[in-house]
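Undergrad: Could you have a look at this structure, given as structure tokens, before my questions?
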Amino acid sequence: MTLHEIKKLLDAEVLIGEDQLDMEVKTAFVADLMSDVLAFATAGSLLITGLTNPQVVRTADVLDIAAIIMGRGKRPSQETFQLAEEVNIPILTTKYILFEIAGQLYAKGIRGCIEKVGGK
Amino acid sequence: MDEKPLYEGSFTVAGGNFDNAGEVASNIKTILKQIGLPKDVIRKVALVTYESEINIVSYARKGMIRLRVVPDCIMIEAIDEGQGIPDIEQAMQPGFSTANQKIREMGFGAGMGLCNIKSFSDVFHISSEIGKGTHLKMIIKANSTVLNS
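Going line by line, the protein sequences match chains B and U. As numbered in our numbering, residues 303 to 422 make up the first sequence, in order. As numbered in our numbering, residues -18 to 130 make up the second sequence, in order.
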């Protein structure tokens, strides 16, 4: 799916990255715990979260996350917004809760960046 | 060990400065990209640096991250002046945490930091002295395969 399609599907507002909406994504990770994002999320995935502080963007940057979707109507703090502009990571915000975001994206073919942990 | 490094440098980290936590990891990522290391290696180094930085910001007065890159591996050290860790074995347990509310609000402090650092490093060493500080040493091989997933 492209970010543009995701924006439409989730009735989302694009706060940063209006110029990157053609980007294609296939996988996603949902978490409010950044340590788990660091441990499990893969490059090129969407990060779906309810957190809004600058660490969300730092985490996304460290992992080469494609874009951040903030659920439950959350909006980034000023510092978060500035940092995302600096590192050029798209941020979308939607009023849907995280479960709904995940479910709707899954129905359209987006998959978890890993299926379960401890895949050895 | 006498290999001429491709890069050698150190970065200071201020304790308690939550807004800038992760800046060193971003800088190091840029440096490693310029050197042209593989993406998965850069990702591991950035991740390990980032969690170390979060630890310094969260628990220490001040600290420093040292980076040394040689052709076959990357060495990262995180050295802080802080309270130290009374029981390292306990601190290494997944889920053990002494984090305050501020740290948890940032999405950290769930007791995963040191475990993450260890699992993404090829070599990991930790030492700590109460009232003085903690010293982490990590080595990531430049040709190592992805450990996780």
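Cβ atoms here follow ideal geometry from the backbone N, Cα and C, with glycine treated the same way.
Could you tell me how far apart the beta carbons of residue 392 of chain B and residue 322 of chain B are, in whole angstroms, since I believe they sit closer than 8 Å?
TA: That pair is a contact at about 5 Å.
Undergrad: Cβ closer than 8 Å: which chain U residues qualify as neighbours of residue 374 of chain B?
TA: Under the 8 Å cutoff, chain U gives no residues; its nearest Cβ is about 15 Å from residue 374 of chain B.
Undergrad: Where DSSP assigns a beta bridge to residue 51 of chain U, which residues make up the other side?
TA: Per DSSP, U:54.
Undergrad: I need the DSSP call for residue 124 of chain U, collapsed to helix, strand or coil.
TA: In the structure shown, residue 124 of chain U sits in coil (DSSP, three-state: anything other than H, G, I, E or B).
Undergrad: For residue 330 of chain B, tell me which candidate among B:383, B:404 and B:409 has the shortest Cα-Cα distance.
TA: Measuring from the Cα of residue 330 of chain B, the nearest candidate turns out to be B:404.
Undergrad: Could you check the C-alpha separation between residue 315 of chain B and residue 309 of chain B for me, to the nearest Å?
TA: Cα-Cα distance, rounded: 7 Å.
Undergrad: First and last residue of the beta strand (DSSP E) that includes residue 304 of chain B?
TA: Counting along the chain, residue 304 of chain B falls outside any beta strand (DSSP E), and DSSP gives it neither H nor E.
Undergrad: Which value, in whole angstroms, describes the spacing of the CA atoms of residue 29 of chain U and residue 98 of chain U?
TA: Each residue's alpha carbon lies about 5 Å from the other.
Undergrad: If you check the beta carbons only, do residue 362 of chain B and residue 349 of chain B fall under 7 Å apart?
TA: Yes, the pair counts as a contact, with Cβ atoms nearer than the cut-off.
Undergrad: Taking the alpha-carbon positions, what's the residue 45 of chain U to residue 116 of chain U distance?
TA: Between residue 45 of chain U and residue 116 of chain U, the C-alpha separation is close to 10 Å.
Undergrad: Alpha carbon to alpha carbon, how far is residue 88 of chain U from residue 95 of chain U?
TA: The alpha-carbon atoms of residue 88 of chain U and residue 95 of chain U are separated by roughly 15 Å.
Undergrad: Taking residue 32 of chain U as the query, report the chain B residues whose CB atoms sit under 8 Å from its CB, ordered along the chain.
TA: Within chain B, the residues near residue 32 of chain U are 337 and 340.
Undergrad: What are the boundary residues of the alpha helix (DSSP H) that residue 369 of chain B is part of?
TA: Note, residue 369 of chain B: premise wrong, no alpha helix (DSSP H); beta strand (DSSP E) at 369 to 372.
Undergrad: Below 8 Å, can you find three or more Cβ-Cβ pairs linking the region 352 to 372 of chain B to the region 6 to 20 of chain U?
TA: In short, these stretches touch, since the Cβ pair count reaches three.
Undergrad: Report yes if the CB atom of residue 109 of chain U is closer than 7 Å to the CB atom of residue 60 of chain U, and no otherwise.
TA: Cβ atoms of residue 109 of chain U and residue 60 of chain U: not closer than 7 Å.
Undergrad: What do you reckon, are the CB atoms on residue 42 of chain U and residue 58 of chain U nearer than 7 Å?
TA: Taking 7 Å as the Cβ cut-off, residue 42 of chain U and residue 58 of chain U do not qualify as a contacting pair.
Undergrad: Do residue 114 of chain U and residue 63 of chain U have their C-beta atoms within less than 7 Å of each other?
TA: Contact: yes.
Undergrad: With the cut-off set at 7 Å, would you say residue 101 of chain U and residue 25 of chain U are in Cβ contact?
TA: Yes, these two residues count as a Cβ contact at 7 Å.
Undergrad: Using three-state DSSP, classify residue 11 of chain U as helix, strand or coil.
TA: In this structure, residue 11 of chain U counts as helix in the three-state DSSP scheme.
Undergrad: Mind pulling the beta strand (DSSP E) runs of 3 or more residues that sit fully within the region 313 to 341 of chain B?
TA: Correct list: 315 to 318 and 329 to 332.
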